[in-house]
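For reference, the structure discussed in these notes is given below.
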Amino acid sequence: MITKRLTINQLRTILRESAGELEGVDLDGDIEDAEFDDLGYDSICLLEAGGRIERDCGVKLDDDLITSVKTPRALLDAVNERLASGV
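Residue numbers (the working numbering): -13 to 73.
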């Protein structure tokens, strides 16, 4: 369980385990500012990953938030903001 801060490595694992990895996309590279669309993740994939993040981190994420973030960095910022505020 992740309790204090979601890291990029933890997010990579969640993305792989909940939505898979597109052939030819290297999630181990510098992906923080890459668009989720370019990484092969659509809104359905992100909702699946968001559910996993909610369970693992113990935070509530609105579907609108999950589908509106464009990059892993934006998702990490949103999740970590909620973790810090206890939401």
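For every residue, glycine included, the Cβ atom is placed at its ideal position computed from N, Cα and C.
From a predicted model like this one, the values you see are computed outputs, not experimental measurements.
Candidates the options: which alpha carbon is nearest residue i's?
i: I(-6); options: S71, A64, G72 and R59; result: R59
i: L32; options: I52, V45 and E40; result: I52
i: E67; options: R(-2), D50 and C43; result: C43
i: T(-1); options: V45, G10 and E34; result: E34
i: S29; options: G72, K(-10), L61 and Q(-4); result: L61
i: A5; options: R38, V45 and G72; result: R38
Are the Cβ atoms of residue i and residue j separated by less than 9 Å?
i: L13; j: R2; result: yes
i: A64; j: L47; result: yes
i: D49; j: G36; result: yes
i: L8; j: G26; result: yes
Checklist line | Segment contact flag, the segment 42 to 62 with the segment 9 to 29, C-beta cutoff 8 Å, min 3 pairs | finding: yes
Note to self: For a minimum of 3 consecutive residues, which ranges assigned as the beta strand (DSSP E) are wholly contained in the segment -11 to 28?
What the structure shows: Contiguous beta strand (DSSP E) elements confined to the segment -11 to 28 do not occur, taking only those with 3 or more residues.
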